[in-house]
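Structure first, then comments.
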Amino acid sequence: MTLGVIIGIASMTVIVSIGEGTKGKVLDRITEMGFGPDSFSVLAGGGRLFFPKSQNVTSLTLEDADDIAALASVRLVVPHQRETMRLVYRDQNTSTRVYGVTPDWILSRGWNLWDGRFLNADDMRRKTRVIVLGATPAKKLFPREVDPIGKEIRLGQVFFEVVGLLEEKGLTESGYDPDDRTLIPLNTSMSRLFNKTYLHSIKVMALSPSLVSKTMLDVTQLLRRNHGLSPIAADDFRFITPEGIMEWVTQSAQALNRMLVLISTVSLLVGGIVIMNILLVSIRERIREIGVRRCFGARRSDIISQFLFESIFVSLLGGMLGVGLGLGISIGLQNFSPIPTRVTWEPFALALFFSTLVGLVFGIQPARKAAYLNPEETLR
Numbered sequence: 001m002t003l004g005v006i007i008g009i010a011s012m013t014v015i016v017s018i019g020e021g022t023k024g025k026v027l028d029r030i031t032e033m034g035f036g037p038d039s040f041s042v043l044a045g046g047g048r049l050f051f052p053k054s055q056n057v058t059s060l061t062l063e064d065a066d067d068i069a070a071l072a073s074v075r076l077v078v079p080h081q082r083e084t085m086r087l088v089y090r091d092q093n094t095s096t097r098v099y100g101v102t103p104d105w106i107l108s109r110g111w112n113l114w115d116g117r118f119l120n121a122d123d124m125r126r127k128t129r130v131i132v133l134g135a136t137p138a139k140k141l142f143p144r145e146v147d148p149i150g151k152e153i154r155l156g157q158v159f160f161e162v163v164g165l166l167e168e169k170g171l172t173e174s175g176y177d178p179d180d181r182t183l184i185p186l187n188t189s190m191s192r193l194f195n196k197t198y199l200h201s202i203k204v205m206a207l208s209p210s211l212v213s214k215t216m217l218d219v220t221q222l223l224r225r226n227h228g229l230s231p232i233a234a235d236d237f238r239f240i241t242p243e244g245i246m247e248w249v250t251q252s253a254q255a256l257n258r259m260l261v262l263i264s265t266v267s268l269l270v271g272g273i274v275i276m277n278i279l280l281v282s283i284r285e286r287i288r289e290i291g292v293r294r295c296f297g298a299r300r301s302d303i304i305s306q307f308l309f310e311s312i313f314v315s316l317l318g319g320m321l322g323v324g325l326g327l328g329i330s331i332g333l334q335n336f337s338p339i340p341t342r343v344t345w346e347p348f349a350l351a352l353f354f355s356t357l358v359g360l361v362f363g364i365q366p367a368r369k370a371a372y373l374n375p376e377e378t379l380r
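Under my numbering, think of the first position of the sequence shown as 1, with each following residue one higher.
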């Protein structure tokens, strides 16, 4: 009897969870890339925002970064490479994101050091094997009483000396850990660790937010010229901005949300109709009960209240089961699919509201029919 309500509320729960997860993913992506109103990133590979045509693209180079830095509207350029690797110190090990960056990285992120020093120009020139640890890998590798500065850790098969520790940021609201990272000189990552001469991305900071659009246009023309692209050829790079991230993730979620809204609406309507028909059938089976109550002084409003209560109770029961099913689906999506979800209190409020509404709306007709039965005829 409550299957339609269960499916409808479960769909709504999934919709809310995906919506919250989507917002969290947007904020995490912006946090990870350190965006401000005057900055954007150039990523290697054409195609959609986060999905290049190939995952191993080689279209961005250090020469591109140097040419972008020479543009009149550009204040700062930070090229970088990125890989996920395992760090080892004695019998401790952890997997973390490893970034090959330039000394300007810390300026572009507004990140402070907790201890030690950051990467410098001499590290870049000499391709030294030095590393700056984020708070998360530092805690996993070193006991609290051990000072990581000066210690040697192994990254892949290469040993690095720890020269600095980043200040701890803490988890974001959606559970993303910005502290789970390590930084090494870009020239070192290119020639001694990743052995790749191309870049993952280039972060660009304009002189002011008002110059971002012009700078992106200039960068487009520069890169197309550098890469020898014909006028009809597609870009082999793409831009990421906070607005672009928000638009892409929102559009992706909306397509799924529209389908789930349709499913939940139809399911709630079907569930409500089923509840109404069951109550109408129960009136015929309980006709003598209704007559006895009326003869002993029950008012029509009492009969209406009784049937509405039963309708709302059944609908609420389906709603709570639907929330449980929806939460289970949301957790499953979070753990076993790329779809972002986040469990909040909102599904419980939605279940309470829509279940009550369905029970009330579809219980009115049976309640009125029962209340307006002739007491004498019901007892014959």
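Cβ coordinates follow ideal geometry from the N, Cα and C atoms, glycine included.
Here the structure is a predicted model, which means the values were calculated and not measured.
- The residue among A10, T188 and I202 with its C-alpha nearest the C-alpha of K196 is T188.
- Judged by DSSP secondary structure, I290 falls within the alpha helix (DSSP H) whose first and last residues are I287 to C295.
- Leaving aside the five residues that flank V14 on each side, the residues in its chain whose CB is nearer than 7 Å to its CB run, in chain order, L260, G326, I329 and S330.
- Note on the segment 118 to 173: whole beta strand (DSSP E) runs with a minimum of 3 residues are 130 to 133, 152 to 155 and 158 to 166, in chain order.
- Take I184, set aside five residues on each side of it, and the residues of its chain with a beta-carbon closer than 6 Å to its own are G100 and I131, in chain order.
- Shown here, V5 sits in a helix according to DSSP, grouped into three states.
- For A65, no beta strand (DSSP E) segment is defined; the enclosing uninterrupted segment is the alpha helix (DSSP H) at L62 to A69.
- Using a Cβ-Cβ distance cut-off of 8 Å, the segment 35 to 44 and the segment 204 to 223 are in contact, since at least three pairs of beta carbons, one from each stretch, lie closer than that value.
- Judged by beta-carbon spacing, D236 lies within the 8 Å limit of S59, meaning their Cβ atoms are closer than that value.
- Note that the C-beta distance between P137 and T182 is below 8 Å.
- Between L141 and S311, the alpha-carbon positions lie close to 59 Å from each other.
- A contact between stretches requires three or more CB pairs, one per stretch, nearer than 8 Å, and the segment 364 to 371 meets this requirement with the segment 286 to 304.
- Put simply, of S355, F40 and T215 the residue whose alpha carbon is nearest the alpha carbon of S267 is S355.
- When the Cα atoms are used, S305 and E346 turn out to be separated by approximately 28 Å.
- Here S41 has M33, S201, K203 and I240 as same chain residues with Cβ atoms under 6 Å from its own Cβ, once five neighbours each way along the sequence are excluded.
- Taking the C-beta atoms as reference points, L155 is found nearer than 8 Å to M85.
- By a beta-carbon distance limit of 8 Å, D104 contacts L76. Their separation comes to about 6 Å.
- G322 and S210 have their C-alpha atoms roughly 49 Å apart.
- The beta carbon of V361 sits closer than 7 Å to the beta carbons of G272 from its chain, once the five residues preceding and following it are set aside; these are given in chain order.
- Residue burial annotation: V146 is exposed, with fewer than 16 other C-beta atoms found within 10 angstroms of its C-beta.
- Secondary structure note for R109: its alpha helix (DSSP H) is the uninterrupted segment W105 to R109.
- Contact annotation: I149 and V158 have beta-carbon atoms that are not nearer than 8 Å.
- Nearest C-alpha to P178 among F194, Q221, M190 and G134: G134.
- The DSSP-derived three-state label of K203 is strand.
- About 48 Å separates the beta carbons of G319 and V57, which is beyond the 8 Å limit, so they are not a contact pair.
- For V101, the enclosing beta strand (DSSP E) begins and ends at Q92 to V101.
- Annotation: the continuous beta strand (DSSP E) that includes F40 extends over S39 to A44.
- Remark: C-beta atoms of S108 and T215 do not approach each other more closely than 8 Å.
- The beta carbon of I275 sits closer than 8 Å to the beta carbons of M1, T2, V5, S311, V314, S315, V358, G359, F362 and G363 from its chain, once the five residues preceding and following it are set aside; these are given in chain order.
- For G8, the closest alpha carbon among the candidates V270, T341 and S264 is that of S264.
- A direct Cα-Cα distance of roughly 28 Å separates E20 from E167.
- DSSP, reduced to helix, strand and coil, places F237 within a strand of the structure shown.
- Residue environment: P231 is assigned as exposed (fewer than 16 neighbouring CB atoms within 10 Å of its CB, all protein chains considered).
- Judged by their CB atoms, V343 and S17 are nearer to each other than the 8 Å cut-off.
- Spanning the alpha carbons of V212 and E83 requires a straight line of approximately 28 Å.
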